[in-house]
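Trainee: Heads up, the sequence shown is in our numbering, so the first residue is 190 and it goes up one at a time. The structure that follows is given in the form of structure tokens.
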Amino acid sequence: STVGESGDLKLPHAISLHAIQVLPLLSIFLIGLKLSKLRQDLLVWLASLGFGAIVIFTQINAFAGRSIFDLDTFRTGILVASLIGVIMPFAYATLAQLNRFRSQA
Numbered sequence: 190s191t192v193g194e195s196g197d198l199k200l201p202h203a204i205s206l207h208a209i210q211v212l213p214l215l216s217i218f219l220i221g222l223k224l225s226k227l228r229q230d231l232l233v234w235l236a237s238l239g240f241g242a243i244v245i246f247t248q249i250n251a252f253a254g255r256s257i258f259d260l261d262t263f264r265t266g267i268l269v270a271s272l273i274g275v276i277m278p279f280a281y282a283t284l285a286q287l288n289r290f291r292s293q294a
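Structure representation (structure tokens):
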């Protein structure tokens, strides 16, 4: 069972499985943009670290018996920073693709 006295481990499990699905798609998307290899690697690493931080955050909350929404200022800051780490590479890639389409038109 994923539910114990401490909390529910379904959320960190789900987030990690979605990360396994999404990170290769980000890599393929970045390759299509013809960015430098270093920039591609940095963006994938940033998204990976963001996902990892979110998984660790949700596991710690689950083991402490806290809900994902049971946040204080410190936990909110960690969660926001982790989400930014996940969102920024995807936003960068999306904007780069849009700029590429605009320059071709």
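All residues carry an ideal CB built from backbone N, CA and C; glycine is no exception. Note that the structure is a prediction, hence the values are computed from the model and not measured.
(1) With DSSP run on the structure shown, which of helix, strand or coil describes residue 197?
(2) Taking C-beta to C-beta, are residue 271 and residue 246 nearer than 9 angstroms?
(3) Which word fits residue 278, buried or exposed, when buried means at least 16 other C-beta atoms lie within 10 angstroms of its C-beta?
(4) Please classify residue 201 as buried or exposed, where buried requires at least 16 neighbouring CB atoms within 10 angstroms.
(5) Below 8 angstroms on the Cβ atoms is my contact criterion, and I expect residue 219 with residue 294 to pass it. Report the Cβ-Cβ distance as a whole number of Å.
Mentor: Taking the geometry as given:
(1) Assignment of residue 197 by DSSP, reduced to helix, strand and coil, places it in the strand class.
(2) In terms of Cβ geometry, residue 271 and residue 246 form a close pair [threshold 9 angstroms].
(3) Residue 278 should be labelled buried.
(4) Here residue 201 is buried: its Cβ has 16 or more other Cβ atoms, across all protein chains shown, within 10 Å.
(5) The C-beta distance from residue 219 to residue 294 rounds to 22 angstroms, too long to fall under 8 angstroms, and the pair is not in contact.
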